[in-house]
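Heads up: the sequence shown runs through residues 50 to 375, numbered per the working numbering.
Even for Gly, the Cβ is constructed at its ideal location relative to N, Cα and C.
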Amino acid sequence: MDEQQLLQRLANLERALDYQRHMNDTLLKAIDDVLWYQKLGDIADIGKVKLAGPPPRYQKNPTGQGAGNPFLFWAYTMVPRNLDRSRPQPLIVYVHGGVHANHDSGGANKLRELLEQGYTIVSPDYRGSTGYGRGYFDAIDYGGLENEDTYTAAKWMLDTHDFLDAKRVGIIGWSHGGMHTLMNIFDHPELYACAFAGVPSSDLVARMGYKSPEYQAIFSAESHIGKSAADNVNEYRRRSPAWNAHKLKTPLLIHTNTTDEDVNVLEVEHLIQALKAEGKSFEYRIYQAEPGGHQFDRIDTVRSREIRREIWRFLAKHLSPDHPVE
């Protein structure tokens, strides 16, 4: 076997492994969808719908058949079973984290707490999410059109559920979901009554500076931003909440942790400083070495539940659910 044949065999093996990876993700996603009903079906009517977001930014053949069509993505809906639908009710847009992840049932503890308060929930598996194949995965547009998928899901929910109050829509997310939250209220302030951003990815320029080359390569890939931060710093700034702080008009609560092993606290500190420099009114708290690191207020310890109650009280001030926490 010559060198060229060996390289071809290696390339074929890499493609086969990539295909198997996405097949595994699809299987795990199907299994996890069943778990939602097991974990929350006692208190919520759960649905999953396919929605149409903006066309993909990157297309291999922009003049080919179907080019320019909307990107189709999935979203979960959860409505409390005991909700009084005869009068207006609030909506929470819950955005999952992860550069490539999905809305999995591991976060059921937080959603149960929200459902018990009387919130209806919509949670999009926006473009780039895992569990739907390679095309869905590669459609990611970090800090760009993926944010519009989240906005699309929120608007669809209001358009199709007549008991929801368009003036009582909140949006929440942690990590990458926190970035979605911030960019949604910056770009669509008319929709949201309040927002919570937990340990949000806030400054892509700084993030590329302290992350590994493998992480950086995700963003510079042709199907993604297409260039490194060094080659197009303005594009990375455009997609970063810290560089869009002047747009804030929505009541906002931010949490971060000094021992966060994923989103370095310096990113969130930059966001806070930028908001202050713009004279914006908002709430924030920098937790000092809280156990759990990046997950400090999402795990199920007594302390993390106390911190979440702080978040829920903030939301309740603006959204007035039927059963707010004390």
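**Study point:** Alpha-carbon to alpha-carbon, proline 111 and alanine 244
**Key:** 36 Å
**Study point:** Span separating the alpha-carbon of phenylalanine 345 from that of threonine 308
**Key:** 9 Å
Check your understanding: Under the DSSP definition of a beta bridge, which residues are partnered with threonine 126?
Key -> Gly96 and Val171
Check your understanding: How big is the Cα-Cα spacing for phenylalanine 120 and arginine 287?
Key -> 22 Å
Practice item. Report yes or no: do the stretch 352 to 365 and the stretch 313 to 328 share at least 3 C-beta pairs separated by less than 8 Å? Key: no
Practice item. Report yes if the CB atom of tyrosine 229 is closer than 8 Å to the CB atom of valine 144, and no otherwise. Key: It is worth fixing the name first, because residue 229 is histidine in this sequence and not tyrosine. A contact, by the Cβ cut-off of 8 Å.
Practice item. Return the CA-CA distance between proline 139 and asparagine 313, expressed in angstroms with no decimal places. Key: 33 Å
Review point. Between leucine 253 and serine 289, is the Cβ-Cβ spacing less than 8 Å?
Key: yes
Review point. For glycine 96, is the classification buried or exposed, using 16 other Cβ atoms within 10 angstroms of its Cβ as the cut-off for buried?
Key: exposed
Exercise for review: Leaving aside the five residues before and after methionine 257 along the sequence, list all residues of the same chain whose C-beta is less than 6 Å from its C-beta, in chain order.
Suggested key: Gln265 and Ala278
Review point. Along the chain, where does the alpha helix (DSSP H) that runs through leucine 213 open and close?
Key: Premise fails: leucine 213 lies in the beta strand (DSSP E), 213 to 223, not in any alpha helix (DSSP H).
**Study point:** For threonine 305, the residue or residues it bridges with in DSSP
**Key:** Ile335
Point to revise | Boundaries of the beta strand (DSSP E) in which valine 142 is found, first to last residue | key: 138 to 144
Review point. What residue from Gly146, Pro129, Lys216 and Asn118 has the CA that sits closest to serine 250's CA?
Key: Gly146
Check your understanding: Who are the Cβ neighbours of proline 104 in its own chain at under 7 Å, not counting the five residues just before and after it?
Key -> Gly117, Asn118, Pro119 and Phe120
Point to revise | Start-to-end residues for the beta strand (DSSP E) that takes in glycine 247 | key: 243 to 247
Check your understanding: Can you tell me where the alpha helix (DSSP H) with proline 262 in it begins and where it stops?
Key -> 262 to 269
Review point. Leaving out five residues before and five after serine 272 in sequence, what residues of the same chain have Cβ atoms less than 6 Å from its Cβ?
Key: Tyr107 and Asp187
Review point. Where are the alpha helix (DSSP H) runs, 4 residues long or more, that stay fully inside the stretch 274 to 332, in chain order?
Key: 282 to 287 and 314 to 326
Exercise for review: Please name the residue in Val142, Leu100 and Glu284 whose C-alpha comes closest to that of tyrosine 191.
Suggested key: Glu284
**Study point:** Euclidean distance between Cα positions of histidine 5 and isoleucine 92
**Key:** Beyond the ends of the chain as shown, which are 50 and 375, falls residue 5; an answer cannot be given.
Check your understanding: By DSSP, does glycine 102 sit in helix, in strand, or in coil?
Key -> strand
Point to revise | valine 314 CB to nearest heavy atom of the ligand GTP below 7 Å | key: The ligand GTP is not part of this structure, which contains no ligands at all.
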